[in-house]
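Residue numbers (my numbering): 605 to 755.
To start, the structure under review is shown below, and the notes come after it.
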Amino acid sequence: MATPQRLETVRRLQLAMATSYSAMGAWCLVHPSSVMALGFTPAYAALCNTTTALLMRCFGAQAMTCGLVLGTSTMTPLSFTAFGLAMIPYVGWNFWFSAVGPAAGVISGLMWMDFAGNLFFGLGSLYCARLLREQQQEDGARLQGAKEKGL
605 MATPQRLETV RRLQLAMATS YSAMGAWCLV HPSSVMALGF TPAYAALCNT
655 TTALLMRCFG AQAMTCGLVL GTSTMTPLSF TAFGLAMIPY VGWNFWFSAV
705 GPAAGVISGL MWMDFAGNLF FGLGSLYCAR LLREQQQEDG ARLQGAKEKG
755 L
């Protein structure tokens with residue numbers, strides 16, 4: 605993949621992740637009751653109250669902030685790698701609370717959407733890191749070649 609294509613791919617993935625984070629965060633912030641009604645099984649959704657809604661709004665505000673930072677930052681291979689690896693606990697949380705943990709049955713069947721999103725963030729970030737590393741290696745090789753030719 606040529607450098608311009610590589611950089612465009614990275615930028616598009618970065619913006620897709622940032623937009624997703626911000627949009628889901630905005631949903632949690634603006635309408636937490638619908639998120640809780642869809643996210644929890646009916647038995648647990650009925651237990652949600654104003655404190656739960658406040659915590660969901662706080663989560664949404666943090667997600668929006670993360671989306672804003674992700675969308676406006678110049679990411680490096682290291683920052684993409686760190687962001688991608690930071691998704692591991694979220695994927696683990698999805699699995700634990702959906703399938704095997706003591707709280708299995710608390711989260712609704714729609715958790716697969718969160719799981720898919722977290723996989724997208726993690727794997728997309730690692731892919732962007734790889735593309736940027738490849739571009740840096742090509743730039744380094746070009747620079748080395750120019751030095752050897754005396755340019």
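A virtual CB, placed ideally from N, CA and C, is assigned to each residue, including glycine.
Fair warning: this is a prediction, and the values are worked out from it, not measured in the lab.
Alpha carbon to alpha carbon, what distance is there between residue j and residue i?
i: residue 685; j: residue 730; result: 5 Å
i: residue 649; j: residue 630; result: 20 Å
i: residue 664; j: residue 692; result: 20 Å
i: residue 700; j: residue 625; result: 22 Å
i: residue 620; j: residue 719; result: 16 Å
i: residue 646; j: residue 683; result: 39 Å
i: residue 640; j: residue 672; result: 24 Å
i: residue 735; j: residue 741; result: 10 Å
i: residue 703; j: residue 652; result: 21 Å
i: residue 724; j: residue 705; result: 23 Å
i: residue 752; j: residue 611; result: 27 Å
i: residue 746; j: residue 609; result: 17 Å
i: residue 644; j: residue 716; result: 13 Å
i: residue 698; j: residue 654; result: 24 Å
i: residue 728; j: residue 666; result: 20 Å
i: residue 743; j: residue 737; result: 10 Å
i: residue 712; j: residue 638; result: 13 Å
Below 7 Å between beta carbons: does that hold for residue i and residue j?
i: residue 607; j: residue 739; result: yes
i: residue 681; j: residue 733; result: yes
i: residue 750; j: residue 674; result: no
i: residue 636; j: residue 660; result: yes
Judging by CA-CA distance, which residue of the options is the nearest neighbour of residue i?
i: residue 642; options: 714, 611 and 635; result: 714
i: residue 726; options: 638, 639 and 694; result: 694
i: residue 618; options: 743, 705 and 679; result: 679
i: residue 677; options: 710, 752 and 615; result: 615
i: residue 687; options: 656, 670, 697 and 696; result: 670
i: residue 634; options: 658, 728, 737 and 743; result: 658
i: residue 689; options: 717, 705, 662 and 722; result: 722
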